[in-house]
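Colleague: Residue 79 in numbering that gives the first Met the number 0 sits at position 80 of the sequence shown, with consecutive numbering throughout.
Built from N, CA and C at the ideal position, the CB exists for glycine as well.
One structure coming up, written as C-alpha cells, with questions to follow.
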Amino acid sequence: MPEGDVPDPREEDIVYEDRRISRPDAALPDWESPDTSYRPIPIVWFAGALIAQVVTQSLIVAVFGLWLNSPAIAVIAIGLIASFFVWDMTMKRGLSEAAAAWRVATFAVLSFFFSLTALTVLA
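Here it is, written out as C-alpha cells:
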C-alpha cells in the first residue's frame, strides 16, 4: 500500500485470469456494468423536430414578416419550405425507421406550428 490511507487500485483489484472482477472503489463486478452504445430513440428525434420547427418558424416570421416586410404569401411559402426541410432532416436522422405513430405525431406537430405561422402572418 502506498503512503497514506488511500489504497493503490492496481494492487487492490480482484483479478480472475484475464478479467478484472472488481475494484475496491466499485460496488459491482465489471460484468454487471452495461456494455452498451448510444441508440437514439424516437422521442429524441421528435423533440429535435419540434425544437427545430419552433425556432425556424419564429425566425422566418421575425426576419421575413417583420424585418423585411415580405408579402404574407411569401412568408407562408418560406415557412412551408422550412417545414418540409425539418421533416426531411428528421426522417434522415432515423425517424423513418420508428413506429408509424411517431411519424404521425411528428407530422401533426410540424403542421400545427406551421399553421400558427400562417395564421400569425395572415392576422
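I need the straight-line Cα distance from Ala107 to Gly78, nearest angstrom please.
Modeller: Counting from 1 along the sequence shown, the entry for residue 107 is found at position 108. Counting from 1 along the sequence shown, the entry for residue 78 is found at position 79. One C-alpha to the other measures close to 15 angstroms.
Colleague: Use the C-beta contact count for Phe84: other C-beta atoms within 10 angstroms, 16 or more gives buried, fewer gives exposed.
Modeller: Along the sequence shown, one-based indexing puts residue 84 at 85. Exposed: under 16 other Cβ atoms inside 10 Å.
Colleague: Please report the residue range of the alpha helix (DSSP H) in which Ile42 lies.
Modeller: Translated into the one-based positions of the sequence shown, residue 42 becomes position 43. That run of the alpha helix (DSSP H) goes 41-59.
Colleague: Expressed to the nearest angstrom, what Euclidean distance is found between the alpha-carbon atoms of Ser110 and Ile80?
Modeller: As a position in the sequence shown, residue 110 is number 111, starting the count at 1. As a position in the sequence shown, residue 80 is number 81, starting the count at 1. Whole-angstrom Cα-Cα distance: 12 angstroms.
Colleague: For the alpha helix (DSSP H) containing Leu115, name the first residue and the last one.
Modeller: Counted from its first residue, the sequence shown places residue 115 at position 116. 99-121 is the span of the alpha helix (DSSP H), which, as asked, contains Leu115.
Colleague: State the Cα-Cα distance for the pair Ser69 and Phe63, rounded to the nearest angstrom.
Modeller: Within the sequence shown, residue 69 is the residue found at index 70, counting from 1. Within the sequence shown, residue 63 is the residue found at index 64, counting from 1. The straight-line gap from Cα to Cα measures roughly 5 angstroms.
Colleague: Go ahead and pull the three-state DSSP assignment for Gly93.
Modeller: Taking the sequence shown and counting its residues from 1, one reaches residue 93 at position 94. Coil at Gly93, not helix or strand.
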